[in-house]
Amino acid sequence: MAGVLKKRLRILYSKILASLQTIPKDAAYRTYTEQLINDRFDLVKSEPDIEKLERKINCGQIEEVIVQVIVIQTYARRWHAMRLVKQLSHDRMVRLDWEKKEELRKKKEKEDRLKREYERRMHPKTKEDFDLLYHALETNSCTIGRCHQCNKLDNVAHQREDLNKYKNMLTQLRQAEAEYDKKAKIAFLLQERDLQYLLGIICATQSALSAWDDLYDLVVVQWNKYFEWSPWNCILLTKEEAAAHLKLDNVEQAYGVVFIRKMKHKHTLAKKYFSQIPAMAQFLHSRDSQPAAPGNDLLVTKPAVTQA
Numbered sequence: 482m483a484g485v486l487k488k489r490l491r492i493l494y495s496k497i498l499a500s501l502q503t504i505p506k507d508a509a510y511r512t513y514t515e516q517l518i519n520d521r522f523d524l525v526k527s528e529p530d531i532e533k534l535e536r537k538i539n540c541g542q543i544e545e546v547i548v549q550v551i552v553i554q555t556y557a558r559r560w561h562a563m564r565l566v567k568q569l570s571h572d573r574m575v576r577l578d579w580e581k582k583e584e585l586r587k588k589k590e591k592e593d594r595l596k597r598e599y600e601r602r603m604h605p606k607t608k609e610d611f612d613l614l615y616h617a618l619e620t621n622s623c624t625i626g627r628c629h630q631c632n633k634l635d636n637v638a639h640q641r642e643d644l645n646k647y648k649n650m651l652t653q654l655r656q657a658e659a660e661y662d663k664k665a666k667i668a669f670l671l672q673e674r675d676l677q678y679l680l681g682i683i684c685a686t687q688s689a690l691s692a693w694d695d696l697y698d699l700v701v702v703q704w705n706k707y708f709e710w711s712p713w714n715c716i717l718l719t720k721e722e723a724a725a726h727l728k729l730d731n732v733e734q735a736y737g738v739v740f741i742r743k744m745k746h747k748h749t750l751a752k753k754y755f756s757q758i759p760a761m762a763q764f765l766h767s768r769d770s771q772p773a774a775p776g777n778d779l780l781v782t783k784p785a786v787t788q789a
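So this is what it looks like as structure tokens:
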């Protein structure tokens, strides 16, 4: 029954289009009218509606049918457009409200962090607090009456770096890895200095996507979430970008070729550096610590195979 109705509907549709070609209007008008007729015919499902159309067309009222279709679908399109604009306006207001709240949250977090650091510098209790204090003193100090070379040597001998932010990031990374896989080992072999080199030298201390450089807003997560985190399977992103990145099923399809090559180059640099650490070197060729090579390999060259 449904096949018969569709056949009758196609016959009516072809008659209306044939009649439409005889109307002395330009091509743009005919194309627009055809679109309206297509929209209208998609809504015709029942047999009474088809019989009503057949009676009008057989009585020579094709032009009247076309005019009715234009009027009905014009109002229908206007209604759909108004709904779409209203929905987009609502989504825009929700987005702006969310961005405003996020901005206030980040501002408050930064103020709280600066306040805590100030208290730690004013009332140091632990070794990390004293390192933070001396680091701030060296950053804001100036020496008069000494040559630049002497100052450089003195700074090399007495410089104290604040590794607290790297320590916090490493703690968060280890917690995330422990939740992901209880057998994870690589993140627990990493030290603050190693993470500092990875983020500062290899990742340039900025998000790989947005180039955001506030380290307190950045997190280092897995490049391929299906494999254990490692310096050669990681990416530095903001917290929002990381949440979206970890939802991807296939990073090779989600990102562009140029970006993937850039990340693979960083992973190669990480392999070269961490291969010098004996405890890390054993994981370099482990199947569980690095993703399998994709079918569309992006490497420019491959090692040659020689026969004895």
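Under the numbering used here, think of the first position of the sequence shown as 482, with each following residue one higher. The C-beta atom is built at its ideal place from N, Cα and C for all residues, glycine as well.
Checklist entry - For isoleucine 667, which of helix, strand or coil comes out of DSSP? => result The answer is helix: DSSP assigns isoleucine 667 an H, G or I state.
Checklist entry - Should leucine 671 be labelled buried (16 or more other beta-carbon atoms within 10 Å of its own) or exposed? => result buried
Item to check | Of the listed residues Val738, Ala751, Gln734, nearest to arginine 716 (C-alpha basis) | outcome: The residue asked about is misnamed: residue 716 is isoleucine in this sequence, not arginine. Of the candidates Val738, Ala751, Gln734, the one whose C-alpha sits nearest the C-alpha of isoleucine 716 is Ala751.
Item to check | Continuous alpha helix (DSSP H) stretch holding leucine 676: start and end | outcome: 673-678
Next on the checklist: Strictly under 7 Å for the Cβ-Cβ distance: is phenylalanine 669 near chain C by that measure?
Outcome noted: In summary, chain C is missing from the structure at hand, where a single protein chain is found.
Checklist entry - Can you give the Cα-Cα distance for tryptophan 693 and lysine 728, rounded to whole angstroms? => result 21 Å
Checklist entry - Can you give, in chain order, each stretch of the alpha helix (DSSP H) that sits fully within the stretch 683-726 and has at least 4 residues? => result 720-726
Item to check | Rounded separation between isoleucine 758 and lysine 589 - CA only | outcome: 40 Å
Checklist entry - Which residues mark the beginning and the end of the alpha helix (DSSP H) in which leucine 651 is found? => result 645-661
Checklist entry - Taking tyrosine 697 as the reference, which of Met761, Lys743, Lys648 has the closest Cα? => result Among Met761, Lys743, Lys648, the Cα nearest to that of tyrosine 697 is on Lys648.
Checklist entry - Is glutamate 609 closer than 7 Å to asparagine 645 when the C-beta atoms are compared? => result A Cβ-Cβ contact shorter than 7 Å links asparagine 645 with glutamate 609.
Checklist entry - Measuring CA to CA, which of Val701, Trp579, Trp710 is closest to alanine 723? => result Val701
Checklist entry - Relative to the alpha-carbon of glycine 737, which residue among Tyr707, Lys663, Ala562, Leu690 has its alpha-carbon at the smallest distance? => result Ranking the options by Cα distance to glycine 737, first place goes to Leu690.
Checklist entry - Pick from Ala685, Phe708, Glu709: whose alpha carbon is nearest that of leucine 699? => result Ala685
Next on the checklist: Helix, strand or coil for tryptophan 560? Go by DSSP, reduced to three states.
Outcome noted: Reduced to three states, the DSSP call for tryptophan 560 is helix.
Checklist entry - Cβ of leucine 679 within 7 Å of Cβ of proline 712? => result Contact flag set, yes.
Item to check | CB of alanine 665 within 7 Å of CB of glutamate 709, strictly | outcome: yes
Checklist entry - How would you label phenylalanine 755, buried or exposed, when you count the other beta carbons within 10 angstroms and need 16 or more for buried? => result buried
Checklist entry - Are the Cβ atoms of serine 688 and threonine 719 separated by less than 7 Å? => result yes
Next on the checklist: If I measure Cβ to Cβ from lysine 706 and keep anything under 7 Å in the same chain, skipping five residues before and after, which residues do I get?
Outcome noted: If the five residues before and after lysine 706 are omitted, its C-beta is found closer than 7 Å to the C-beta atoms of Leu727, all from its own chain and listed in chain order.
Item to check | Beta-carbon gap between isoleucine 667 and lysine 747 smaller than 7 Å | outcome: No. Outside cutoff.
Next on the checklist: Using a 10 Å radius around the Cβ and a threshold of 16 neighbouring Cβ atoms, would you call tryptophan 560 buried or exposed?
Outcome noted: exposed
Item to check | Assigned secondary structure, aspartate 578 (DSSP; H/G/I helix, E/B strand, else coil) | outcome: helix
Item to check | Whole-number beta carbon distance between proline 605 and phenylalanine 614, since they are thought to touch under 8 Å | outcome: Checking the displayed sequence, the identity of residue 614 turns out to be leucine instead of phenylalanine. That belief holds up - the Cβ atoms of leucine 614 and proline 605 are roughly 5 Å apart, short of 8 Å.
Item to check | arginine 674 classed as buried or exposed, judged by whether at least 16 other C-beta atoms fall within 10 angstroms | outcome: exposed
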